[in-house]
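In my numbering, the protein residues as written are 136 to 252.
As structure tokens, this is what we get:
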């Protein structure tokens, strides 16, 4: 059986867990809570890229992405950024919904699962 590798772990969570050839990312949010949805999306997706890299993979290996939005009014602007970020020909499955996020300053949270290289 494979060992589990936990990345950036504290008592409550790991930002990523690696099991076998799979990488599971915790929700990634923006650093700039006062930014608009486009900037928050760029920041959250940059964190996804960083965590995938730290786990030994990249966005070309994404299997599934969940996007949580504070409001569906941000859907089109988020997609404008997301669509340029997704690697052509390697779009993962995706779900997007409106949720109440942990901090009212967050407009987006991105959760992902990827295969390792």
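Backbone N, C-alpha and C fix where the C-beta goes; we use that ideal spot for every residue, glycine too.
Reference residue 236; option with closest CA among 245, 228, 229: Within the chain shown, numbered from 1, the residue matching residue 236 stands at position 101. The residue with the shortest Cα to Cα distance from residue 236 is 245.
Mark residue 163 as exposed unless 16 or more other C-beta atoms lie within 10 angstroms of its C-beta, in which case mark it buried. Within the chain shown, numbered from 1, the residue matching residue 163 stands at position 28. Buried, by the Cβ-count rule.
Would you tell me roughly how many angstroms separate the C-alpha atoms of residue 146 and residue 191, rounded to the nearest one? The residue given as residue 146 occupies position 11 in the chain shown. The residue given as residue 191 occupies position 56 in the chain shown. Looking at the two C-alpha atoms, the distance is approximately 23 Å.
Bridge partners for residue 159 per DSSP, in chain order? As a working note, residue 159 is residue 24 in the chain shown. Partner(s): 152, 248.
Does DSSP put residue 188 in a helix, a strand or coil? For the purposes of this step, residue 188 is taken as the residue at position 53 of the chain shown. Of the three classes helix, strand and coil, the one that applies to residue 188 here is helix, per DSSP.
Boundaries (first-last residue) of the alpha helix (DSSP H) holding residue 212: The residue labelled residue 212 in the question sits at position 77 within the chain shown. 210-220 is the span of the alpha helix (DSSP H), which, as asked, contains residue 212.
Compute the Euclidean distance between the alpha carbons of residue 140 and residue 153, then round it to the nearest angstrom. Walking along the chain shown from the start, residue 140 turns up at place 5. Walking along the chain shown from the start, residue 153 turns up at place 18. Spanning the two alpha carbons is a distance of roughly 5 Å.
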